[in-house]
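Count along the sequence shown from 1, then add 17; that gives the number in this note's numbering.
The beta-carbon is built from N, C-alpha and C at its ideal position, and this holds for glycine as well.
A short write-up of the structure that comes next.
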Amino acid sequence: MTETKRGGLALHWLMLIGFAVGLGGGLLVNLTLGADTGWVVWLTDNVTGPLGQIFLRLLFMMVIPLLFSALVVGVAEMGDLSSLGRAGIKTLMLTILVSSIAVVIGLVMVNVFQPGRGVDP
C-alpha cells in the first residue's frame, strides 16, 4: 500500500511531526505562561473545546453506520445461512473477550496513571 507524500515526507511522518509540534507548543505555553492565563483559558473554552467536541461527535457518528454496514456486508457474503449461527456465536464470544480485555487494560491504566489528578473540575 502506497502512502500519500507531501513535501517529500510520508504522511505518517507529517502526522508525527504535527503531534510533536502541538505537544511541544502546549508544554511550552503551560510552563512559561501557565494554564490559567487569560488568553489560554479563552482559547481553550471558545476554540479548542468546541472543535474537539465537534470532532468527537463526527467520529461517533461514523462508527455506528460503519459497524452496521460491515455486519450487513459480512452476512451477505457468507452465502450459507447454516454457518451464520456458528460464525455469529464465535464472533460474539470474541467480541466479549476482546472488550473485556480492553476494559481491564483501561481500568489498570486509569488506576496506575490517574489522569486528571491535578486538574480542578
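Extent of the continuous alpha helix (DSSP H) to which Pro67 belongs | Against the sequence shown, residue 67 aligns to sequence position 50. Pro67 -> alpha helix (DSSP H) spans Gly66 to Met95.
Compute the Euclidean distance between the alpha carbons of Glu94 and Lys107, then round it to the nearest angstrom.
-> As a working mapping, residue 94 is identified with position 77 in the sequence shown. As a working mapping, residue 107 is identified with position 90 in the sequence shown. Their Cα atoms are separated by approximately 17 Å.
Residue range of the alpha helix (DSSP H) that Leu48 falls in?
-> If you number the sequence shown from 1, residue 48 lands on position 31. For Leu48, the enclosing alpha helix (DSSP H) starts and ends at Leu28 to Thr49.
Residue ranges of each beta strand (DSSP E) within the segment 96-122, 3 or longer = none
Contacting residues, own chain, Cβ-Cβ under 8 Å from Leu101 (five flanking each side not counted) = Locating residue 101 in the sequence shown gives position 84, counting from the first residue. The answer, listed in chain order, is Val92 and Met95.
Euclidean distance between Cα positions of Asp53 and Leu88 = If you number the sequence shown from 1, residue 53 lands on position 36. If you number the sequence shown from 1, residue 88 lands on position 71. Going from the Cα of Asp53 to the Cα of Leu88 covers about 47 Å.
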